[in-house]
Amino acid sequence: MTDQHEIALFPLRVVMFPGGKVDLQIFERRYLDLVSHCMRNDVGFGVCLLREGEEVVRDASRQTIHRTGTYSKIIDWNQLDNGLLGITVEGKAKFHIKDCWQADSGVLEAKVEYTNGDSTSNEDVIPLDEDYSALVDLLQSLESHPLIEKRKLTINYDNLWDLGWRLSELIPMEVEQKQELLELDDPWERIRSIEKLVADMANEA
Numbered sequence: 078m079t080d081q082h083e084i085a086l087f088p089l090r091v092v093m094f095p096g097g098k099v100d101l102q103i104f105e106r107r108y109l110d111l112v113s114h115c116m117r118n119d120v121g122f123g124v125c126l127l128r129e130g131e132e133v134v135r136d137a138s139r140q141t142i143h144r145t146g147t148y149s150k151i152i153d154w155n156q157l158d159n160g161l162l163g164i165t166v167e168g169k170a171k172f173h174i175k176d177c178w179q180a181d182s183g184v185l186e187a188k189v190e191y192t193n194g195d196s197t198s199n200e201d202v203i204p205l206d207e208d209y210s211a212l213v214d215l216l217q218s219l220e221s222h223p224l225i226e227k228r229k230l231t232i233n234y235d236n237l238w239d240l241g242w243r244l245s246e247l248i249p250m251e252v253e254q255k256q257e258l259l260e261l262d263d264p265w266e267r268i269r270s271i272e273k274l275v276a277d278m279a280n281e282a
């Protein structure tokens with residue numbers, strides 16, 4: 078799929094992965110309007126990691142974003158105890174930004190191209206062999222954590238895509254490292270990077 082699509086962007090200090098879930102609090106008017114539009118029209122928006130700037134834009138401030146993000150759709154919403162709107166979004170597909178601008182509403186919009194291969198398509202399942210049993214065990218251990226269990230993630234433990242995405246999402250690391258893993262288009266390269274990262278963590282422990 079190489080066609081360009083226009084989508085709204087939501088810059089955050091988190092990295093979203095295909096198949097992942099993130100809870101957000103919405104309070105800025107432009108994003109309240111965006112969420113309303115998305116729910117009314119059954120469309121999503123792109124989540125991108127902020128390179129510079131803050132999530133809340135103030136006068137005379139600016140945001141710069143990484144050019145690779147994840148198209149996400151709202152799967153749940155509720156009013157939080159603090160009165161703000163809470164939404165849960167799920168990552169659907171990775172994209173690369175080809176052009177980006179700020180709309181009159183204040184929301185960033187972009188022309189993007191979606192990448193081939195992700196964890197949400199049955200056509201792209203890459204079966205695992207026993208060489209990755211240690212990483213599977215690690216992912217199962219991370220998934221069993223009470224805070225992760227609440228997310229009710231759907232994980233195919235016999236798919237290299239899922240293994241790479243979920244470990245990238247759940248292993249504690251700097252957001253810039255997560256962004257580097259998201260930007261890799263080769264799932265085998267992503268797994269090799271994760272193996273090295275886990276080995277480095279073990280040596281530092």
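Those letters in the sequence shown? Residues 78 to 282, per my numbering, in order.
All C-beta atoms, glycine included, are put in the ideal place defined by N, C-alpha and C.
If you scan the region 157-229 from start to end, which runs of the beta strand (DSSP E) of 3 or more residues do you find wholly inside it? For the region 157-229, whole beta strand (DSSP E) runs of length 3 or above, ordered along the chain, are 162-179, 185-191.
Coarse secondary structure for residue 107, derived from DSSP in three states: For this step, residue 107 is matched to residue 30 along the sequence shown. Helix.
What are the boundary residues of the beta strand (DSSP E) that residue 83 is part of? Numbered from its first residue, the sequence shown carries residue 83 at position 6. Segment 81-89, the beta strand (DSSP E) holding residue 83.
Around the Cβ of residue 147, are there at least 16 other Cβ atoms within 10 angstroms (buried) or fewer (exposed)? One-based indexing of the sequence shown puts residue 147 at position 70. Per the 10 Å Cβ criterion, buried.
Can you tell me the Cα-Cα spacing of residue 179 and residue 119, whole angstroms? By 1-based counting over the sequence shown, the position of residue 179 is 102. By 1-based counting over the sequence shown, the position of residue 119 is 42. About 22 Å.
Same chain, Cβ closer than 6 Å to residue 196, five either side skipped, listed in chain order: Translated into the one-based positions of the sequence shown, residue 196 becomes position 119. Low confidence applies to residue 196: its pLDDT is 47, below 50, so where it sits in the model is not reliable, and the reading given next is rough at best. Around residue 196: 95, 96, 238, 239, 242.
Can you give the beta carbon distance from residue 184 to residue 106, rounded, assuming they're within the 8 Å contact cut? Within the sequence shown, residue 184 is the residue found at index 107, counting from 1. Within the sequence shown, residue 106 is the residue found at index 29, counting from 1. Residue 106 and residue 184 do not touch by the CB rule: their CB atoms are close to 10 Å apart, not below 8 Å.
Outcome for residue 86 when other beta-carbon atoms lying within 10 angstroms are tallied against a minimum of 16: To locate residue 86, count along the sequence shown from 1; it is residue 9. So residue 86 ends up on the buried side.
Whose CA, out of 231, 225, 104, lies closest to the CA of residue 291? For the chain, the structure presents residues 78 to 282; residue 291 sits outside this window and is missing.
How would you write the range of the beta strand (DSSP E) that residue 123 sits in, first residue to last? Residue numbering aside, residue 123 sits at position 46 when the sequence shown is read from its first letter. 122-129 is the extent of the beta strand (DSSP E) around residue 123.
Nearest neighbour of residue 164, chosen from 111, 249, 261, 279 [CA to CA]: Along the sequence shown, read from residue 1 onward, the residue named residue 164 stands at position 87. Among 111, 249, 261, 279, the Cα nearest to that of residue 164 is on 111.
Helix, strand or coil for residue 235 per DSSP? As a position in the sequence shown, residue 235 is number 158, starting the count at 1. Note: residue 235 maps to coil in three-state DSSP.
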